[in-house]
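Below is one structure, written out as structure tokens; the observations come after it.
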Amino acid sequence: MNAKAKQRAWSHGDAADQAEPDDVAVDAARSAPLVAPEGLQVFDVGDENAGERLDRFLGQAAAARRIALSRTRLKALIEAGEVRVDEKVARDPSTRLAAGARIVFEAPMPEDSPLLGEDIELAVVYEDEHLIVIDKPAGLVVHPAPGHAAGTLVNALIRHCGASLSGVGGVKRPGIVHRLDKDTSGLLVVAKTDAAHRGLADLFADHGRSGSLEREYLAIVWGDFDINGGKVEGAIGRDSRHREKMAVVREERGRHATTHWRLEESLGPAGLIACQLETGRTHQIRVHMASIGHPLLGDSVYGSGFKTKATLLGDRAAGALAALGRQALHASVLGFEHPLTGEALRFESQPPRDFARLLKALRSAQAV
């Protein structure tokens, strides 16, 4: 299991105290905690909403009340015949509404997940009735996929959380809002309820640009550095020659991505860096650092051309790198505002033993 992880609260300062009253009121409404839908839900159509689609109106009305029902979920309820407009079942999400119409439906009970729970040991850093924070070990796949139908974090969470999973998208399953690669270790937050899932999804979609999300990764990368930090910008998309890989591509072929990095420690032919993300693309840190000539140690996909450089590390460090057997990447910091309670949460995780062993060997080689 990974080394210690700890929680501490933090503050964003007094900026809110200096905001205009109207702005504060709007921001408070937008940031009010989401609530899970319970019992009978009733919405009345005002004159200003006459002519709107049923699914669009319900999505906006639920969001205004901070009810954790996505438009996709509401559309599914409509198509299942669960929604009534003026006491008549409405199965068409595109139904146009008249002013004064009353829309009624019962908050649905979640269904059981088709996935099976598995008894897999987890390092739980924090847990309440809404969400759980895990310190994921390297080697654990987050979500079932072709080639990994079982033995995943999701399977473990279904078993661990049991009845406390109240439903995400109408199914009793953990809500995955971000992922770590199989061979990346570190902190991961997972929703246990629809309300938490909606709130966390909004936070991660923003990537901390205007919200409370804080994420930081530690990586050991190849190469000397002339500067102490920088920013890598470049769209990420599928490699045109190797479809299983990602690559920096032209903007029209990929999705915009930005990675900030700073040098924590020079280690001769390598360096320890900390990375923060403005976006969350597949393999983003690995692709971006490789694109500027600093692939991660142990990365067989994006740093295969640096394999022969292991001899530059010295025998002890080279042995530690071989024992690592994966990319040297660890999600070390995770902070966010709790989507339901509003509490500021911040967690830190020390790198696992194999990462720490490599780091210690590299430092020892420099001390000789």
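Its first residue numbered 471, the sequence shown is counted upward by one per residue in the numbering used here. C-beta: ideal position from N, C-alpha, C; glycine also. Model, not experiment: these values are computed from the prediction.
Near residue i, which residues of its chain fall below 7 Å by C-beta distance, leaving aside the five closest residues on each side in sequence?
i    : result
V660 : L601, I602, I604, L627, P644, G645, I646
G587 : N625, I628, R629
H653 : A quick correction: the sequence has Asp, not His, at residue 653. For D653, where only same-chain residues beyond five positions count, the Cβ hits under 7 Å are A608, G609, R796, Q797.
A831 : R786, A787, A790
Excluding the 5 residues flanking residue i on each side, which residues of the same chain have their C-beta closer than 6 Å to its C-beta?
i    : result
A498 : Low confidence applies here, because A498 scores a pLDDT of 43, under 50, leaving its location unreliable and the question unanswered by this model.
E522 : L567
L610 : L623
A495 : Below a pLDDT of 50, predicted positions are generally treated as unreliable, and A495, at 38, falls in that range; no measurement from the model is reported.
L829 : none
A486 : No answer about A486 holds up, because its pLDDT of 35 lies below 50 and its placement is not dependable.
G738 : Q836
R833 : none
V769 : Note that residue 769 is Asp in the sequence shown here, rather than Val. Within the same chain, D769 has close Cβ partners R756, Q797.
D709 : K715, A717
L670 : V647, A661, P809
Would residue i and residue j be called neighbours here (beta carbons separated by less than 8 Å)?
i    : j    : result
L766 : L799 : yes
A569 : G516 : yes
R823 : A790 : no
V702 : S774 : no
G551 : R541 : no
A740 : V691 : yes
Between residue i and chain C, is any beta-carbon pair separated by less than 8 Å?
i    : result
G789 : Reference to chain C is not applicable here, since this structure consists of a single protein chain.
Which two residues bound the contiguous beta strand (DSSP E) that contains residue i?
i    : result
D605 : 601–606
K715 : Premise fails: K715 is in no beta strand (DSSP E) and is neither H nor E.
H800 : 799–807
H613 : Per DSSP, H613 belongs to no beta strand (DSSP E) and is neither H nor E.
Let me check one thing: in DSSP terms, what residues is residue i bridge-paired to?
i    : result
V659 : V603
I697 : Its beta-bridge partners do not exist; DSSP assigns none.
Y596 : V603
I690 : L742
Q511 : F575
Quick one: give me the first and last residue of the alpha helix (DSSP H) that residue i is part of.
i    : result
L528 : 524–534
Q754 : 754–761
D676 : 664–676
D785 : 785–794
V624 : 623–631
E549 : 541–549
L829 : 823–837
Quick one: what's got a C-beta closer than 8 Å to residue i's C-beta in the same chain, skipping five residues either side?
i    : result
E576 : G509, L510, Q511, E552
T752 : I706, M716
Pairs of beta-carbons, one from the region 673–688 and one from the region 777–792, closer than 8 Å: are there three or more? no
Touching by the beta-carbon criterion (3+ pairs, under 8 Å), the region 647–657 and the region 518–536: no
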